[in-house]
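Numbering (the working numbering), first residue to last: 1 to 192.
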């Protein structure tokens with residue numbers, strides 16, 4: 001696949017915009033401190049990682065994370081500066097950037113569907129891990145000022161798992177369907 005940087009940039013910008021719009025289509029849930037189940041909002045970022053590689057994926061994921069932060073800042077009220085910075089790094093910058101790692105197995109796994117499912121699952125797991133670590137390092141310390149506790153770790157696992165597992169399933173199903181329709185390795189997204 002040989003694309004100009006301008007073409008890649010335009011495609012990545014369009015896919016980031018689509019991901020942002022899809023993020024607003026959310027299923028209701030009990031996540032008062034952030035997190036949600038969306039309609040395939042991670043799929044466009046994972047497609048970028050697969051189509052254009054890890055570098056473009058990480059940059060696009062980071063950009064998407066900044067956009068998510070802008071729209072999700074209401075969950076960051078009434079906290080210390082250190083907590084604010086830690087939450088931004090873990091819950092936005094890192095959590096969404098790692099979605100760009102969805103191109104990591106492309107050259108080692110030749111089957112497009114298998115590669116993109118493996119990469120997407122890996123990237124979404126890493127996003128979960130970022131939220132999970134933030135949950136017990138940052139958010140539990142706000143609630144329990146006693147430091148890291150088993151109850152905080154279990155709570156973070158349950159809280160973040162309750163929306164990230166359905167997000168993973170929705171993302172993998174959607175990307176599998178798209179792999180049956182499109183050849184993501186092709187410059188012009190030819191039908192598979």
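Here a beta-carbon is modelled for each residue, glycine too, at the ideal position from N, C-alpha and C.
Figure out for me which residue from the options has the closest Cα to the Cα of residue i.
i: residue 98; options: 8, 58, 16; result: 58
i: residue 92; options: 103, 110, 128; result: 128
i: residue 35; options: 5, 130, 53; result: 130
i: residue 184; options: 20, 38, 53; result: 53
i: residue 66; options: 38, 51, 90; result: 90
i: residue 133; options: 121, 112, 39, 155; result: 155
i: residue 71; options: 55, 102, 21, 103; result: 21
i: residue 5; options: 27, 23, 55; result: 55
State buried or exposed for residue i, treating a residue as buried only when at least 16 other CB atoms are found within 10 Å of its CB.
i: residue 41; result: buried
i: residue 164; result: buried
i: residue 173; result: exposed
i: residue 151; result: exposed
i: residue 81; result: exposed
i: residue 123; result: buried
i: residue 111; result: exposed
i: residue 136; result: buried
Under DSSP, the alpha helix (DSSP H) around residue i begins and ends at which residues?
i: residue 56; result: 54 to 72
i: residue 120; result: 112 to 134
i: residue 84; result: 81 to 87
Going by the DSSP bridge assignment, what does residue i pair with across the sheet?
i: residue 27; result: 37
Touching by the beta-carbon criterion (3+ pairs, under 8 Å), the segment 170 to 179 and the segment 114 to 121
yes
Between the segment 42 to 54 and the segment 10 to 18, do three or more beta carbon pairs fall short of 8 Å?
Contact between the segment 42 to 54 and the segment 10 to 18 is present: three or more C-beta pairs spanning the two stretches fall below 8 Å.
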